[in-house]
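Residues in the sequence shown are numbered consecutively from 237, following my numbering.
Beta carbons are placed, not taken as given, at the ideal position from N, Cα and C, and that holds for glycine.
Worksheet: one structure, shown below.
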Amino acid sequence: MPLVLKPLPYAADALEPSIDKTTMEIHHDRHHKAYVDNYNNATKGTPIESTPIEQVLSTPDLSNVPEAVRMVVRNNGGGHFNHEFFFESLTPGGSKTPVGTLATAIDATFGSFDTFKTQFKDAAIKRFGSGWAWLVKKDGKLAVVSLPNQDAPIMTGHVPIVGVDVWEHAYYLKYQNKRADYVDAFLNVVNWTRAEALFNAAK
Ligand code: MN3
237 MPLVLKPLPY
247 AADALEPSID
257 KTTMEIHHDR
267 HHKAYVDNYN
277 NATKGTPIES
287 TPIEQVLSTP
297 DLSNVPEAVR
307 MVVRNNGGGH
317 FNHEFFFESL
327 TPGGSKTPVG
337 TLATAIDATF
347 GSFDTFKTQF
357 KDAAIKRFGS
367 GWAWLVKKDG
377 KLAVVSLPNQ
387 DAPIMTGHVP
397 IVGVDVWEHA
407 YYLKYQNKRA
417 DYVDAFLNVV
427 NWTRAEALFN
437 AAK
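And the structure:
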């Protein structure tokens, strides 16, 4: 299915000071748009033109994608999926800590929210080069994983709950090389209500 760039679900400056307006504008209006455009150009006229993106990405080894465009689809389809997830998972308001059943599951899995944050930050900081750190659910259990480039959790059967983009374009204008400070700021604006809903909806 041709991808559509959804508008940000809040004003570009709504996450200040955690994530600055210019970074949000460039990230959404240019980077995310490029993934959408590249994917649509690559899949036009191919057998997957009408296939929903989730189905394309969750097919093992992307074997449903013509080989000639497989890498473009992996990078830009994953890029679209991850970025739409990312922008939707942030909020200027809301709880600063996990809520409901997700809060209980985080405590049960990691020991405490603080221990989870340490593991999540560690995964984000140690991701060499570009990629993402994720809180995912797989086989009913929570886990922290890190994935390279724009690989999406659904490519390996993981349901994404929270994901932080650690490509330099996500933070460099404000945080320069201080990726850890950016991840702290990111955790300040996570929409934990949405995260809990995703956790409850996942098998
Ligand atoms: Mn990005």
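Legend entry - Reduced DSSP category for K414 - H, G, I as helix; E, B as strand; rest coil: Here the question's residue 414 lines up with position 178 in the sequence shown. K414 falls in the coil class under three-state DSSP.
Inset, instruction - Confirm, please, whether the CB-CB distance from T327 to G427 is below 8 angstroms. - result: Here residue 427 is taken as the residue at index 191 of the sequence shown, counted from 1. Here residue 327 is taken as the residue at index 91 of the sequence shown, counted from 1. Correcting the residue identity first, residue 427 is Asn in this sequence and not Gly. It is a contact, given that the beta carbons lie within the stated cut-off.
Inset, instruction - Could you tell me whether the stretch 284-296 touches the stretch 386-401, where touching means 3 or more Cβ pairs closer than 8 angstroms? - result: The stretch 284-296 is in contact with the stretch 386-401.
Inset, instruction - Mind checking who V398 pairs with in its DSSP beta bridge? - result: Here residue 398 refers to the residue found at position 162 of the sequence shown. Paired residues: L371.
Inset, instruction - Please name the residue or residues paired with V380 in a DSSP beta bridge. - result: Working through the sequence shown from its first residue, we reach residue 380 at position 144. L371.
Legend entry - Length-filtered (4 minimum) alpha helix (DSSP H) runs lying within the stretch 249-327: Complete alpha helix (DSSP H) runs here, min 4: 257-261, 269-279, 289-294, 306-324.
Inset, instruction - Taking 8 angstroms as the cut-off, decide whether the C-beta atoms of A369 and F356 are in contact. - result: Position 133 of the sequence shown holds residue 369. Position 120 of the sequence shown holds residue 356. Yes. Within cutoff.
Inset, instruction - Using the DSSP secondary-structure output, state which residues sit across from V426 in a beta bridge. - result: Position 190 of the sequence shown, counted from the start, is the residue given in the question as residue 426. Note: V426 sits in a beta bridge opposite L326.
Inset, instruction - Can you grab the Cα-Cα spacing for the pair S382 / T392, in whole Å? - result: Locating residue 382 in the sequence shown gives position 146, counting from the first residue. Locating residue 392 in the sequence shown gives position 156, counting from the first residue. S382 and T392: Cα-Cα distance of roughly 12 angstroms.
Legend entry - For the ligand MN3, residues whose Cβ lies under 6 angstroms from any non-hydrogen atom: H263, H267, H319, D401, W403, H405, A406
Inset, instruction - Assign R310 to buried or exposed, taking buried as 16 or more other Cβ atoms, counted over all protein chains shown, within 10 Å of its Cβ. - result: Here the question's residue 310 lines up with position 74 in the sequence shown. Per the 10 Å Cβ criterion, buried.
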